[in-house]
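Undergrad: The structure that follows is given in the form of structure tokens.
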Amino acid sequence: MSYATLVQLIKSYLKTPQPEYVFCWQGGEPTLMGEQFFRKVMKLQSKYAHTHARIMNALQTNATLITETFAKFLSKSKFLVGVSLDGPQSIHDRYRRYKKKIGSHTDTMRGIGYLTKFEADFNILTLVSDANVQNGKEIYTYFRDQRFFYHQYIPCVEFDKNGSPLPFTITAEQWGDFLCEIFDEWIAYDTRRISVRLFDSIINYLVLNLKTVCQMGEDCRQYFVIEFNGDVYPCDFFVEPGLKLGNIFSASWNQLAQSKAYLNFGKEKSRWHSQCEACKHLAYCAGDCVRHRFHESKNPPTLSWLCKGLKRFYDHAMPSFIGLAEQLKRKIPHHQ
Numbered sequence: 065m066s067y068a069t070l071v072q073l074i075k076s077y078l079k080t081p082q083p084e085y086v087f088c089w090q091g092g093e094p095t096l097m098g099e100q101f102f103r104k105v106m107k108l109q110s111k112y113a114h115t116h117a118r119i120m121n122a123l124q125t126n127a128t129l130i131t132e133t134f135a136k137f138l139s140k141s142k143f144l145v146g147v148s149l150d151g152p153q154s155i156h157d158r159y160r161r162y163k164k165k166i167g168s169h170t171d172t173m174r175g176i177g178y179l180t181k182f183e184a185d186f187n188i189l190t191l192v193s194d195a196n197v198q199n200g201k202e203i204y205t206y207f208r209d210q211r212f213f214y215h216q217y218i219p220c221v222e223f224d225k226n227g228s229p230l231p232f233t234i235t236a237e238q239w240g241d242f243l244c245e246i247f248d249e250w251i252a253y254d255t256r257r258i259s260v261r262l263f264d265s266i267i268n269y270l271v272l273n274l275k276t277v278c279q280m281g282e283d284c285r286q287y288f289v290i291e292f293n294g295d296v297y298p299c300d301f302f303v304e305p306g307l308k309l310g311n312i313f314s315a316s317w318n319q320l321a322q323s324k325a326y327l328n329f330g331k332e333k334s335r336w337h338s339q340c341e342a343c344k345h346l347a348y349c350a351g352d353c354v355r356h357r358f359h360e361s362k363n364p365p366t367l368s369w370l371c372k373g374l375k376r377f378y379d380h381a382m383p384s385f386i387g388l389a390e391q392l393k394r395k396i397p398h399h400q
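The working numbering puts the first residue of the sequence shown at 65, with every later residue one more than the last.
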């Protein structure tokens, strides 16, 4: 991303009326831009923010390039850092390797060490693929033993041009078993200690009637993706030519938000399969992420590739979630 694009992005976004402004810096690997790029980000945000603006920054990284000074800066600047870590070294290094086939786990853990030293806020993002889907409890307990208390687990679901799953894609049954395995450990020991994003989202809905993750929503208009040249797309899983909404140099944020392409993209989420209407878990799943429905065709009403696994997890876990939610409600004054 050029400096001119960075200026246009920050300046124009901070002119829009928002309760808060959220920037999520991703890649590829965004730390390849270097610490100085993010120092420019902070200076530009300070320059263009109005007096009472609340600005939040998040950075998704493999942490291999996080140095002591970088970690200190991220902490001082109150970045929320998401670190990609797929488990202990033997699991993580299966896919997360350098060009010379050397694993990256050691470097990632060093970066995490610097983040910890300077008390930067960070969470762990784990891609669940064929490399680790059989190791749910092992991964979860490894993170807990490392005192990593904020987890996010993302299913690896990718298809080739013919709609066939790629080799690292997990099955619905594997995903269901994985979720049940980590849930059983969490519910037994860690409900007040460890945050698992999916579990938090279910509790938020049960207690506060809030849907805090996009896959639970009925409309996919959650954010914008800005490419290095200012091109705008509706989702980081759908950066495709036919879904380009415009460019920040030629379109206002209001025009982008009201564009027909964005509206149509958002509507696809609630065009779920007819079986979903009768599903008791629809409120938590909403047909699942649209990209998980595109294995047979580019057709949103197709059942999610992960449907059977999600049903298994919800059938297994919901009684305990409901019980936990009732406990929490009793501690909230307006629920008493």
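Even for Gly, the Cβ is constructed at its ideal location relative to N, Cα and C.
May I ask you to verify whether the stretch 271 to 288 touches the stretch 230 to 245, counting CB pairs closer than 8 Å and requiring at least 3?
TA: Contact fails: fewer than three Cβ-Cβ distances are below 8 Å.
Undergrad: Under 8 Å Cβ to Cβ from Ile203, same chain only, skipping five residues before and after it: list those, please.
TA: Same-chain partners within the cutoff: Asp150, Gly151, Pro152, Ile155, Thr190, Asn196 and Ile246.
Undergrad: Quick check: what's the CA-CA separation for Thr366 versus Ile267?
TA: Distance between the alpha carbons of Thr366 and Ile267 is about 27 Å.
Undergrad: Which whole-angstrom value describes the C-beta separation of Trp89 and Asn126, a residue pair presumed to lie in contact below a C-beta threshold of 8 Å?
TA: Contact doesn't hold; Cβ gap of about 13 Å is too wide.
Undergrad: Please classify Cys349: does DSSP put it in a helix, a strand, or coil?
TA: Correct three-state label for Cys349: helix.
Undergrad: Using three-state DSSP, classify Pro219 as helix, strand or coil.
TA: The answer is strand: DSSP assigns Pro219 an E or B state.
Undergrad: Rounded to the nearest angstrom, what separates Val303 and Pro229 at their Cα positions?
TA: The alpha-carbon atoms of Val303 and Pro229 are separated by roughly 20 Å.
Undergrad: Mark Leu270 as exposed unless 16 or more other C-beta atoms lie within 10 angstroms of its C-beta, in which case mark it buried.
TA: Classification of Leu270: buried, given that the 10 Å Cβ count is 16 or more.
Undergrad: Out of Ser148, Arg118 and Phe186, point me to the one whose CA is closest to Ser168's CA.
TA: When only C-alpha atoms are compared, the closest one is Ser148.
Undergrad: Could you name the residues of the same chain whose beta carbon sits closer than 7 Å to that of Arg158, not counting the 5 residues immediately before and after it, in chain order?
TA: So the qualifying residues of the chain are Ala195.
Undergrad: May I ask which residues mark the beginning and end of the alpha helix (DSSP H) holding Leu189?
TA: Looking at the DSSP string, Leu189 is not in any alpha helix (DSSP H); the run it does join, the beta strand (DSSP E), is Asp185 to Val192.
Undergrad: Identify which residue in Tyr348, Arg256, Gly373 and Gln82 has its Cα closest to the Cα of Leu392.
TA: For Leu392, the nearest C-alpha among the options comes from Arg256.
Undergrad: With a threshold of 16 other CB atoms inside 10 Å of the CB of Gly387, please say whether the residue is buried or exposed.
TA: Label assigned to Gly387: exposed.
Undergrad: Need the endpoints of the beta strand (DSSP E) that Trp317 sits in, please.
TA: Here Trp317 belongs to no beta strand (DSSP E); instead the alpha helix (DSSP H) covers Trp317 to Ala321.
Undergrad: For Lys333, is the classification buried or exposed, using 16 other Cβ atoms within 10 angstroms of its Cβ as the cut-off for buried?
TA: Buried, since its Cβ has 16 or more Cβ neighbours within 10 Å.
Undergrad: Is Pro231 helix, strand or coil by DSSP?
TA: Coil.
Undergrad: Between Gly91 and Thr128, how many whole angstroms is the CB-CB distance? I'm expecting something under 8 Å.
TA: That belief does not hold up - the Cβ atoms of Gly91 and Thr128 are roughly 12 Å apart, past 8 Å.
Undergrad: With DSSP as the reference, label Ile290 as helix, strand or coil.
TA: Ile290 falls in the strand class under three-state DSSP.
Undergrad: Can the beta-carbon of Ala117 be found less than 8 Å from the beta-carbon of Tyr85?
TA: Cβ distance < 8 Å, so Ala117 and Tyr85 count as in contact.
Undergrad: What's the C-alpha gap between Ser384 and Ile251?
TA: Approximately 8 Å between the Cα atoms of the pair.
Undergrad: With a CB to CB cut of under 8 Å and the five nearest residues on each side skipped, what residues in its chain are close to Cys108?
TA: Residue identity differs from the one stated: residue 108 is Leu in this sequence, not Cys. Counting only Cβ-Cβ distances below 8 Å, and skipping sequence neighbours, we find Leu70, Val71, Ile74 and Lys75.
Undergrad: The beta strand (DSSP E) with Leu144 in it runs from where to where?
TA: Residues Leu144 to Ser148.
Undergrad: Return the CA-CA distance between Phe292 and Ser314, expressed in angstroms with no decimal places.
TA: Spanning the two alpha carbons is a distance of roughly 15 Å.
Undergrad: Return the chain-ordered list of same chain residues with a C-beta closer than 6 Å to the C-beta of Lys136, the five sequence neighbours on each side being excluded.
TA: For Lys136, where only same-chain residues beyond five positions count, the Cβ hits under 6 Å are Phe182.
Undergrad: If you reduce the DSSP assignment to three classes, tell me which class Ile251 lands in.
TA: Residue state, collapsed to three classes: helix.
Undergrad: Taking 7 Å as the limit between beta carbons, can you name the residues of its chain near Trp369, skipping five residues before and five after?
TA: Excluding sequence neighbours, Trp369 sits near Val221, Ala236, His356 and His359.
Undergrad: Who are the Cβ neighbours of Asn318 in its own chain at under 8 Å, not counting the five residues just before and after it?
TA: Taken in chain order, the residues that qualify are Thr80.
Undergrad: Can you tell me the Cα-Cα spacing of Thr95 and Glu341, whole angstroms?
TA: C-alpha separation (whole angstroms): 43 Å.
Undergrad: Using DSSP bridges, identify the partner residues of Leu129.
TA: According to DSSP, Leu129 bridges with nothing at all.
Undergrad: If we ignore side chains and look at the alpha-carbon of each, how far apart do Gly294 and Gly310 end up?
TA: Distance between the alpha carbons of Gly294 and Gly310: 8 Å.
Undergrad: What residues match up with Leu123 in a beta bridge as DSSP calls it?
TA: Leu123 is bridged to Trp89 and Val145.
Undergrad: Taking the CB atoms as reference points, tell me whether Leu307 and Phe288 lie closer together than 8 Å.
TA: Not in contact: Leu307 and Phe288 (Cβ atoms no closer than 8 Å).
Undergrad: With H, G and I counted as helix, E and B as strand and the rest as coil, what does DSSP make of Gly373?
TA: If DSSP states are grouped into helix, strand and coil, Gly373 belongs with the helices.
Undergrad: Could you pull the start and end residues of the alpha helix (DSSP H) that Asp171 belongs to?
TA: That run of the alpha helix (DSSP H) goes His169 to Lys181.
Undergrad: Mapping the DSSP letters down to three states, classify Ser368 as helix, strand or coil.
TA: Note: Ser368 maps to coil in three-state DSSP.
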